[in-house]
Amino acid sequence: MHNLPKFDRHRRLRSSAAMRSLVRETEVTVNDLLYPMFIIEGENVKNEVVSMPGIFQISIDLLADEMKEIKNLGIKAVMLFGVITNKDEAGTGAYSESGIIQEATRLIKKEVPEMLVIADTCLCEYTSHGHCGVIENGQVANDASLKSLAKTAVSQAKAGADIIAPSNMMDGFVITIREALDEAGFSEIPIMSYAIKYSSAFYGPFRDAADSTPQFGDRKQYQMDPANRIEALREAESDVQEGADFLIVKPALSYLDIIRDVKNNFNLPVVAYNVSGEYSMVKAAAMNGWIDEEAIVMEKMLSIKRAGANLILTYHAKDIAKWLKNE
Ligand code: PBG
Numbered sequence: 022m023h024n025l026p027k028f029d030r031h032r033r034l035r036s037s038a039a040m041r042s043l044v045r046e047t048e049v050t051v052n053d054l055l056y057p058m059f060i061i062e063g064e065n066v067k068n069e070v071v072s073m074p075g076i077f078q079i080s081i082d083l084l085a086d087e088m089k090e091i092k093n094l095g096i097k098a099v100m101l102f103g104v105i106t107n108k109d110e111a112g113t114g115a116y117s118e119s120g121i122i123q124e125a126t127r128l129i130k131k132e133v134p135e136m137l138v139i140a141d142t143c144l145c146e147y148t149s150h151g152h153c154g155v156i157e158n159g160q161v162a163n164d165a166s167l168k169s170l171a172k173t174a175v176s177q178a179k180a181g182a183d184i185i186a187p188s189n190m191m192d193g194f195v196i197t198i199r200e201a202l203d204e205a206g207f208s209e210i211p212i213m214s215y216a217i218k219y220s221s222a223f224y225g226p227f228r229d230a231a232d233s234t235p236q237f238g239d240r241k242q243y244q245m246d247p248a249n250r251i252e253a254l255r256e257a258e259s260d261v262q263e264g265a266d267f268l269i270v271k272p273a274l275s276y277l278d279i280i281r282d283v284k285n286n287f288n289l290p291v292v293a294y295n296v297s298g299e300y301s302m303v304k305a306a307a308m309n310g311w312i313d314e315e316a317i318v319m320e321k322m323l324s325i326k327r328a329g330a331n332l333i334l335t336y337h338a339k340d341i342a343k344w345l346k347n348e
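Taking my numbering, the leading residue of the sequence shown gets 22, the next gets one more, and so forth.
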């Protein structure tokens, strides 16, 4: 008998693909994916977003075919953002009955009823100044904005939205929207709250896609400081108390610690938003041939799930669904 020093042989469990599959702790499936989409006015429009290759602003008349493709890939839910030209100070386009998201939602629920429609509830795509709320005395006014957001949520639910996702970061938006939905007879509609949304440079490409860049100042008075971690728990706590059904952490990759904190501290499904800048960086490097796109994207998704996310909002969703199908 040799007297070998005692150490653990971790490599035993890595010896073959089959062995590795037995001990794999995290998996990404198509059920984890939520696909964000940009709906634009006009007919027969399919504009590729320059800073987001593979992502399009699409008009409603082309939406039925697109949704069928998405459904055939096995994706269960889409999140809708509107792109309009006729904006005003108050952002009334957000809650107009014939608004772009309302129309798109009606069409999707008619053409592909099983598809879950998540309506992004915010004003920035509809206000002439590009802020997520209404302006009073040169400031984004919290309580006045809540009224418009509640109206927006109700109009989205009326149009058939399955989930309301308020992204505006006004204080009290969950309870205000919950009460408005309940009052309008939509107590069954869940709220997927952007509970923790940082003021992030990673949103740049989205603002090109949604034409929602603030025309003055920035969003630092309502979105969170990237330096803060405890504050994220306070944000999540209020949303849980106010009645949120899902908690979003946004962005994802630079905030994996926050995803884990939220997972450990609350008992609601955690949604990570793998945002536009995170997508664009991978695309740019892949187009240069510098990285293996599929491998990088799957590793990103694994890391987000490993951090504790139950669901991932990602522009890569269609590609991932295709890769998973071909496996
Ligand atoms: C704001 C909103 C933003 C995103 C979605 N909704 C951020 C912002 O402009 O401040 C960003 C999403 C992304 O970057 O993919 N209502």
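Don't be surprised by glycine CBs; every beta carbon is placed ideally from N, CA and C.
Model, not experiment: these values are computed from the prediction.
Beta-carbon contacts of residue i that lie in its chain and below 7 Å, excluding the five residues immediately before and after
i	result
Leu-289	Val-261, Ala-265, Asp-266, Phe-267 and Leu-268
Ala-222	Gly-298
Met-191	Gly-154, Asn-163, Ser-166, Leu-167, Leu-170 and Tyr-243
Ala-361	Any question about residue 361 goes unanswered here, given that the chain covers just 22 to 348.
Tyr-224	Val-296, Ser-297 and Gly-298
Phe-287	Ala-257, Val-261 and Leu-268
Leu-323	Thr-47 and Val-49
Pairwise C-alpha distance: residue j and residue i
i	j	result
Glu-118	Glu-263	27 Å
Met-302	Pro-74	10 Å
Glu-135	Leu-84	15 Å
Gly-154	Ala-162	7 Å
Ile-196	Arg-41	46 Å
Val-254	Ile-325	The question names Val, yet the displayed sequence has Leu at residue 254. In a straight line, the C-alpha of Leu-254 is about 18 Å away from that of Ile-325.
Arg-327	Asn-24	39 Å
Thr-126	Ala-98	12 Å
Ala-100	Ser-149	In the sequence as displayed, the identity of residue 100 is Met instead of Ala. Those two C-alpha atoms are separated by around 23 Å.
Ile-121	Ile-105	8 Å
Glu-348	Ile-317	16 Å
Glu-227	Asp-239	For the sequence presented, residue 227 should be read as Phe rather than Glu. Spanning the two alpha carbons is a distance of roughly 15 Å.
Cys-143	Val-66	23 Å
Ile-91	Gly-206	30 Å
Tyr-300	Asp-203	36 Å
Arg-33	Ala-305	38 Å
Lys-172	Arg-35	55 Å
Tyr-116	His-31	57 Å
Tyr-193	Lys-108	In the sequence under discussion, the amino acid at residue 193 is Gly, which differs from the Tyr named in the question. Their backbone Cα atoms lie some 25 Å apart in a straight line.
Asn-93	His-337	16 Å
Leu-76	Ala-201	The sequence shown places Ile at residue 76, rather than the Leu named in the question. In a straight line, the C-alpha of Ile-76 is about 33 Å away from that of Ala-201.
Pro-26	Val-70	59 Å
Leu-332	Val-270	11 Å
Lys-131	Ala-180	11 Å
Glu-315	Val-133	28 Å
Pro-235	Asn-189	13 Å
Glu-62	Asn-68	11 Å
Nonlocal neighbours in the same chain, by C-beta distance under 6 Å from residue i, ignoring five residues either side
i	result
Gly-95	Val-51 and Ala-342
Ile-184	Ile-139, Pro-211 and Met-213
Ser-233	Cys-145, Glu-146 and Gly-151
Asp-29	none
Pro-2	Any answer about residue 2 is impossible in this case: the structure gives the chain only from 22 up to 348.
Ala-182	Thr-126, Val-138 and Ala-140
Residue i, buried or exposed, once every other Cβ within 10 Å from all chains shown has been counted against 16
i	result
Ala-140	buried
Pro-187	buried
Phe-237	exposed
Ile-251	exposed
Thr-47	exposed
Leu-43	exposed
Pro-272	buried
Arg-199	buried
Gly-310	exposed
Gln-123	buried
Gly-159	exposed
Ser-176	buried
Asp-53	buried
Asp-313	exposed
Asp-282	buried
Gly-112	buried
Gly-114	buried
Residues sharing a beta bridge with residue i, DSSP
i	result
Ser-214	Leu-268
Thr-142	Pro-187
Asp-109	Thr-148
Gly-103	Ile-60
Met-245	Tyr-219
Ser-80	Ile-61
Tyr-294	Leu-334
Ile-156	Val-161
Contact check, residue i vs residue j, beta carbons under 8 Å
i	j	result
Met-88	Ile-129	yes
Val-292	Leu-345	no
Met-245	Lys-218	yes
Ile-81	Met-58	no
Val-49	Met-308	no
Lys-321	Leu-277	no
Tyr-56	Lys-241	no
Ser-72	Asp-229	yes
Ile-156	Glu-209	no
Phe-102	Ala-231	yes
Proximity test, Cβ basis, 8 Å: residue i and chain D
i	result
Tyr-56	No chain D is present in this structure, which holds just one protein chain.
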